[in-house]
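In our numbering, the protein residues as written are 145 to 560.
Reviewing the structure listed below.
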């Protein structure tokens, strides 16, 4: 037996209470074969604005991951965790059952695919579940369904939006909220994410809240403004009922004392709250100026003792300017505003190019796309160090560094 000390690093404690505490561990998804499934005929349905150059997207993503590692952030990959999870028999059976639960396959093809997927290795099954299976790729199960479908129709749809790991789960203190994604093209993402959190040994004992069966809430709409204070955007993806459901859960489990419900325009340019604003310090936020003055928030709190009250009553304030309501909830005098762009036109361009979608890796240190020159300059003028990465191909799905990352471990933030 060796007398040498064990030098294996201990994983950081799971959980996050803010957007800016030191980032310790993050879950990413490296672009893979699922992106090669995008065509001019299906990219809109699969929520991509264009057809990315996959090899270049992978290079850009590798540089993103390297930039995080250079700051001592542990990077774990969704597909790696999924493959390890699928080595567990019960997890495999569950994943196969969910993948084949749709109404489009018919009994003949469903029976064939059940055996095909069950016999696959964990690595092969991960690829089938993420990149999908086309009608012309199967070697059995032939019948009426396969005859009537086009050769390139998908029997199992690909998941190109796995790239945006922020949306399918969000950590709130030491619990993970499994979200409920609004768009049909993304529904299976939360099923795979929940499987990882439920079955992977790394997350053993982790308590989960919300879930894919509840009202729609997406991680890009959830901002942890400060310990105990959560902003939830309500717009194209997250519904009012979803925001209420999440508020009830975080209050009941004493994960927050205040939730700010923030209505946002129901359009693609502002699909999530984090396309409009993100925190870069405990009291500084980069925000799209074209909507900053009109952004409102409803402050939501709970009466009585939430943990013990089976009939939790939510108190909802009249709407107030978002930055003012946020500062009051955070207990600070002012939430400083750093504006996207230089003028209204540049601001609109850089907001579209994810200039607001920064990932804080520590207070006053944030990752952003290099192409947003004016926004990055304003951040640096405000004392924020910008870790600039390329994103010409990564951005084709409408997402920046925050969208592409799910923090699963952060330090507590410093006092404001």
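All residues carry an ideal CB built from backbone N, CA and C; glycine is no exception.
- Query: Based on Cα-Cα distance, which residue from 445, 207, 435 and 478 lies nearest to residue 462?
  - Reply: 445
- Task: Leaving out five residues on either side along the sequence, give the residues of the same chain with a beta carbon under 7 Å from the beta carbon of residue 481.
- Result: Counting only Cβ-Cβ distances below 7 Å, and skipping sequence neighbours, we find 429, 431, 436 and 467.
- Query: What number of angstroms, rounded off, separates the C-alpha of residue 158 from the C-alpha of residue 552?
  - Reply: 6 Å
- Cα separation between residue 474 and residue 373? 6 Å
- Item | Helix, strand or coil at residue 217 [DSSP, three-state] | coil
- Task: Below 8 Å on the Cβ atoms is my guess for residue 255 versus residue 285; work out the distance and round it to an integer in Å.
- Result: 7 Å
- Item | Integer-rounded CB distance, given that residue 514 should sit under 8 Å from residue 532 | 4 Å
- Message: Nearest by alpha-carbon distance to residue 226: which of 314, 335, 279 and 183 is it?
- Response: 335
- Please decide whether residue 170 counts as near chain D, where near means a Cβ-Cβ distance under 7 Å. You won't find chain D in this structure, because it holds only one protein chain.
- To which residues of the same chain is residue 331 closer than 8 Å at the C-beta, ignoring the five residues directly before and after it? 325 and 356
- Message: Here's the rule: buried if 16 or more other CB atoms are within 10 angstroms of the residue's CB, otherwise exposed. What is residue 269?
- Response: Residue 269 is classed as buried because its beta carbon has at least 16 other beta carbons within 10 Å across all chains shown.
- Task: Tell me, to the nearest whole angstrom, how far the beta carbon of residue 380 is from that of residue 410; I am working on the premise that it is less than 8 Å.
- Result: 4 Å
- Task: Compute the distance between the beta-carbons of residue 361 and residue 337, then report whether it is under 7 Å.
- Result: no
- Tell me whether residue 561 sits in a helix, a strand or coil according to DSSP, three-state version. One cannot answer for residue 561 here, as it falls past the ends of the chain, which runs 145 to 560.
- When burial is assigned at 16 or more other CB atoms within 10 Å of the CB, is residue 283 buried or exposed? exposed
- Task: Determine the contact status of residue 403 and residue 391, defining contact as a CB-CB distance below 7 Å.
- Result: Using a Cβ distance threshold of 7 Å, residue 403 and residue 391 count as a contacting pair.
- Item | Collapsed DSSP secondary structure at residue 551 in the structure displayed | strand
- Query: Is it the case that the Cβ atoms of residue 530 and residue 538 are separated by a distance below 7 Å?
  - Reply: no
- Task: Just the C-alpha distance for residue 456 and residue 156, rounded to the nearest angstrom, thanks.
- Result: 34 Å
- What residues in its chain sit with their C-beta under 7 Å from that of residue 416, if we drop five residues either side in the sequence? 362, 364, 365, 377 and 381
- Query: Does the separation of the CB atoms of residue 550 and residue 207 fall below 7 Å?
  - Reply: no
- Give the DSSP-derived three-state secondary structure of residue 463 in the structure shown. coil
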